[in-house]
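**Q** Read left to right, the sequence shown gives residues 5 to 428 (our numbering).
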Amino acid sequence: MLLKTILNLVTNYKSFRFGRVSFEKKGTAEQYITAEIKPRKNGKAVCSECGKLCPTYDTAREARRFEFVPLWNIPVYFLYMMRRVTCPEHNVIVEGVPWGDGKCTQTIEHRQFLANWAKRLSWSEVAECFNTTYGKVFRAVKWIVDWGLEHRSLDGVESLGVDEIQIRKGHHYATLIYQLDKGFKRLLGIEEGRKEESLQRFFDKFNEGTAGEEQRSKKIKFVCSDMWKAYLNVIGEYCTNALNILDRFHVKGHLTDAVNETRKEDVAKLKKDGREPILKKSKYIFLKNPENLTDTQAEKLSELVGYNLRVIRAYLMKEDFERFWEYKSAYWAGRFLDDWCVRAMRSKIEPMKKFVKMLRKHRELLLNWFKSKGLSSGAVEGFNNKVKLTTRKAYGFRTFDALEIVLFQALGKLPEPKFTHRFW
Ligand SMILES: [Zn+2]
Numbered sequence: 005m006l007l008k009t010i011l012n013l014v015t016n017y018k019s020f021r022f023g024r025v026s027f028e029k030k031g032t033a034e035q036y037i038t039a040e041i042k043p044r045k046n047g048k049a050v051c052s053e054c055g056k057l058c059p060t061y062d063t064a065r066e067a068r069r070f071e072f073v074p075l076w077n078i079p080v081y082f083l084y085m086m087r088r089v090t091c092p093e094h095n096v097i098v099e100g101v102p103w104g105d106g107k108c109t110q111t112i113e114h115r116q117f118l119a120n121w122a123k124r125l126s127w128s129e130v131a132e133c134f135n136t137t138y139g140k141v142f143r144a145v146k147w148i149v150d151w152g153l154e155h156r157s158l159d160g161v162e163s164l165g166v167d168e169i170q171i172r173k174g175h176h177y178a179t180l181i182y183q184l185d186k187g188f189k190r191l192l193g194i195e196e197g198r199k200e201e202s203l204q205r206f207f208d209k210f211n212e213g214t215a216g217e218e219q220r221s222k223k224i225k226f227v228c229s230d231m232w233k234a235y236l237n238v239i240g241e242y243c244t245n246a247l248n249i250l251d252r253f254h255v256k257g258h259l260t261d262a263v264n265e266t267r268k269e270d271v272a273k274l275k276k277d278g279r280e281p282i283l284k285k286s287k288y289i290f291l292k293n294p295e296n297l298t299d300t301q302a303e304k305l306s307e308l309v310g311y312n313l314r315v316i317r318a319y320l321m322k323e324d325f326e327r328f329w330e331y332k333s334a335y336w337a338g339r340f341l342d343d344w345c346v347r348a349m350r351s352k353i354e355p356m357k358k359f360v361k362m363l364r365k366h367r368e369l370l371l372n373w374f375k376s377k378g379l380s381s382g383a384v385e386g387f388n389n390k391v392k393l394t395t396r397k398a399y400g401f402r403t404f405d406a407l408e409i410v411l412f413q414a415l416g417k418l419p420e421p422k423f424t425h426r427f428w
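1) Assign residue 78 to buried or exposed, taking buried as 16 or more other Cβ atoms, counted over all protein chains shown, within 10 Å of its Cβ.
2) Is residue 56 near ligand 1, judged by its Cβ being under 7 angstroms from some heavy atom?
3) According to DSSP, simplified to helix, strand and coil, what is residue 313?
4) Any chance the CB of residue 360 is under 7 angstroms from a heavy atom of ligand 3?
5) Residue 54 by DSSP, collapsed to three states: which one?
6) Below 8 angstroms CB to CB, which residues in the same chain sit around residue 232 once its five sequence neighbours on both sides are set aside?
7) Between residue 93 and ligand 1, is the CB less than 7 angstroms from at least one heavy atom?
8) Could you give the uninterrupted runs of the beta strand (DSSP E) lying entirely in the region 233-295, keeping only those of 3 residues or more?
9) Check whether the Cβ of residue 53 sits closer than 7 angstroms to any heavy atom of ligand 1, and report yes or no.
10) The alpha helix (DSSP H) with residue 12 in it runs from where to where?
11) Between residue 308 and residue 282, how many whole angstroms is the CB-CB distance? I'm expecting something under 8 angstroms.
12) What first and last residue would you give for the beta strand (DSSP E) that runs through residue 345?
13) Where does residue 388 land, buried or exposed, given buried means 16+ other C-beta within 10 angstroms?
14) Quick check: what's the CA-CA separation for residue 368 versus residue 186?
15) Quick check on residue 408: does DSSP put it in helix, strand or coil?
16) Can you check DSSP and say which residues form a bridge with residue 353?
17) Beta-carbon within less than 7 angstroms of residue 59's beta-carbon, same chain only, minus the 5 sequence neighbours each way: which residues are those?
18) Are residue 70 and residue 84 close, meaning C-beta to C-beta below 8 angstroms?
19) Going by DSSP, which residues form a beta bridge with residue 43?
20) For residue 212, does the count of other Cβ atoms within 10 angstroms reach 16, so buried, or fall short, so exposed?
21) Looking at the unbroken beta strand (DSSP E) that takes in residue 114, where does it start and where does it end?
22) Just checking, does the region 135-154 make contact with the region 112-120 on the three C-beta pairs under 8 angstroms criterion?
23) Mind checking which residues open and close the alpha helix (DSSP H) that includes residue 124?
24) Do you know how far the Cα of residue 349 is from the Cα of residue 248?
25) Going by the beta-carbon positions, is the gap between residue 200 and residue 237 smaller than 8 angstroms?
26) With DSSP collapsed to three states, give me the class of residue 32.
27) I need the boundaries of the alpha helix (DSSP H) containing residue 167, first residue and last residue.
28) How is residue 190 classed by DSSP in three states: helix, strand or coil?
29) Exposed or buried, residue 184, counting other C-beta atoms within 10 Å across all chains shown (16 or more means buried)?
30) Look up residue 212 in the DSSP assignment and say whether it is helix, strand or coil.
31) Taking the CB atoms as reference points, tell me whether residue 224 and residue 291 lie closer together than 8 angstroms.
32) If contacts are defined as beta-carbon pairs under 8 angstroms, then residue 44 and residue 20 qualify, I think. What distance do you get, rounded to the angstrom?
33) Grouping DSSP H, G and I as helix and E and B as strand, with all else coil, what is residue 331?
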């Protein structure tokens, strides 16, 4: 079977055909396969800008090389003499070809090939496995992601989740926005920072092409977020028909932080009083859910419960708070919440009191949870974990751009260009 036959089977470039296919070897190391491409007889060229059939203006004298999917780890290049066309709208302009675009010398197939491997391997591993550079892998993934963002539909989104992640040490955050609808959960946006502008930028893009009451943000029914004021403000401004919910995951996060603060204060106090450091190595005991404790941790915890420590009281209050989410009615949940807050205030534990103040300030938003029937319980948390996993795996990236691309590729459920053949 000729290579040409295979190339014809795996591609479908209607008005083009393959010419000579040859194996070239330079020295001992460098070898590659080249395949010439020719326009079919009467195959008219199209404008690369608008895609309309146009008369040919001239043809390049030298062939341009396009990198295709390697065969047996031998690089494959297409050689094609680009034409220029006279477009009524775009004047003399280079023609459009189905395997590439613009000045990029990678074929679309090659980009998709690399990008799909990049879902399983790190970018540097892909570069190493397929004899290419990190930059080419990066550009391939970026191209596929950009294509997907351009072709995705943002209509019909009803529930949003807003979360923040720390992207680097220090105060470097990103705001992440998810769609949380039943049957369709995906990452919708990533914006630098966690200020009002960050979320505003997202909504402005989200609303693009819609106006007035038809704006997409006005069709949102539920938004799940943290108590972060900047977010609450922007959600109120854009999602005027939505119920804003403080989700369980974030509330629990704040409560866990309060317990951890209490632990730190206790550790310091024990040290100051010259007492035995009984809280040593206890940090994770208080951070974990009780059912996830190891046997040793559980043993240590039951030992600590015997001491009259503030962190123990805070911890027990935290566990007690879990009951809040079990209520079916907002009314009874509200009663429980108020009682719980009174008890926490009486404890005189500063970090817990701080937490109570935050809850009281957002009582209404907290109780919205029951009106949403537990929407998103776990969805934002699930995404948060996946984001952490993805960013850890993609250790090669350094810029915000790269982070954005990695996360969109992993969690954006983006559409991809369709091909005749699957190369990966
Ligand atoms: Zn044109």
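C-beta: ideal position from N, C-alpha, C; glycine also.
**A** According to the structure shown:
1) In the sequence shown, residue 78 corresponds to position 74, counting from 1. That one is exposed.
2) Sequence index remark: in the sequence shown, residue 56 carries index 52 (1-based). Yes, Cβ of residue 56 sits closer than 7 angstroms to a heavy atom of ligand 1.
3) Looking up residue 313 in the sequence shown gives position 309. Residue 313: coil per DSSP, three-state reduction.
4) Absence of ligand 3 is noted for the structure shown, with ligand 1 being the only ligands found.
5) Residue 54 sits at position 50 when you count from the first residue of the sequence shown. Reduced to three states, the DSSP call for residue 54 is coil.
6) Here the question's residue 232 lines up with position 228 in the sequence shown. Hits under 8 angstroms: 168, 198.
7) For the purposes of this step, residue 93 is identified with residue 89 of the sequence shown, where counting begins at 1. Flag set: Cβ of residue 93 near ligand 1.
8) 247-250
9) Along the sequence shown, one-based indexing puts residue 53 at 49. True, at least one ligand heavy atom lies under 7 angstroms from that Cβ.
10) For the purposes of this step, residue 12 is taken as the residue at position 8 of the sequence shown. From DSSP, the alpha helix (DSSP H) with residue 12 extends over 7-14.
11) Reading the sequence shown from its first residue, position 304 is the one you call residue 308. Reading the sequence shown from its first residue, position 278 is the one you call residue 282. About 7 angstroms; that satisfies the 8 angstroms criterion.
12) As a position in the sequence shown, residue 345 is number 341, starting the count at 1. No beta strand (DSSP E) holds residue 345; the alpha helix (DSSP H) holding it covers 334-350.
13) Position 384 of the sequence shown, counted from the start, is the residue given in the question as residue 388. Flag for residue 388 reads buried.
14) For the purposes of this step, residue 368 is taken as the residue at position 364 of the sequence shown. For the purposes of this step, residue 186 is taken as the residue at position 182 of the sequence shown. If you take the alpha carbons of residue 368 and residue 186, they lie about 24 angstroms apart.
15) Stepping through the sequence shown from its first residue, residue 408 is reached at position 404. Residue 408: helix per DSSP, three-state reduction.
16) Residue 353 sits at position 349 when you count from the first residue of the sequence shown. Answer by DSSP bridge pairing: none, since residue 353 is not bridged.
17) Within the sequence shown, numbered from 1, the residue matching residue 59 stands at position 55. Excluding residues within five positions, the ones whose Cβ falls inside 7 angstroms are 89, 90.
18) For the purposes of this step, residue 70 is taken as residue 66 along the sequence shown, with counting starting at 1. For the purposes of this step, residue 84 is taken as residue 80 along the sequence shown, with counting starting at 1. In contact: residue 70 and residue 84 (Cβ atoms closer than 8 angstroms).
19) Working through the sequence shown from its first residue, we reach residue 43 at position 39. DSSP lists 20 as partners of residue 43.
20) Looking up residue 212 in the sequence shown gives position 208. It is exposed - the Cβ of residue 212 has fewer than 16 other Cβ atoms within 10 Å.
21) Taking the first residue of the sequence shown as position 1, residue 114 is located at position 110. Careful: residue 114 lies outside any beta strand (DSSP E), inside the alpha helix (DSSP H) at 112-121.
22) yes
23) The residue given as residue 124 occupies position 120 in the sequence shown. Careful: residue 124 lies outside any alpha helix (DSSP H) and carries neither H nor E.
24) As a first step, residue 248 must be located in the sequence shown, where it is residue number 244. As a first step, residue 349 must be located in the sequence shown, where it is residue number 345. Distance between the alpha carbons of residue 248 and residue 349: 26 angstroms.
25) For the purposes of this step, residue 200 is taken as the residue at position 196 of the sequence shown. For the purposes of this step, residue 237 is taken as the residue at position 233 of the sequence shown. The answer is yes: Cβ separation under 8 angstroms.
26) Against the sequence shown, residue 32 aligns to sequence position 28. It is coil, neither helix nor strand.
27) Here residue 167 is taken as the residue at index 163 of the sequence shown, counted from 1. Here residue 167 belongs to no alpha helix (DSSP H); instead the beta strand (DSSP E) covers 163-172.
28) Your numbering for residue 190 matches position 186 in the sequence shown. Here residue 190 sits in strand by DSSP.
29) Taking the sequence shown and counting its residues from 1, one reaches residue 184 at position 180. So residue 184 ends up on the buried side.
30) Numbered from its first residue, the sequence shown carries residue 212 at position 208. Coil.
31) Counting from one through the sequence shown, the residue named residue 224 turns up at place 220. Counting from one through the sequence shown, the residue named residue 291 turns up at place 287. Going by C-beta atoms, residue 224 is not nearer than 8 angstroms to residue 291.
32) Counted from its first residue, the sequence shown places residue 44 at position 40. Counted from its first residue, the sequence shown places residue 20 at position 16. Confirmed, Cβ separation roughly 6 angstroms.
33) Residue numbering aside, residue 331 sits at position 327 when the sequence shown is read from its first letter. Residue 331 falls in the coil class under three-state DSSP.
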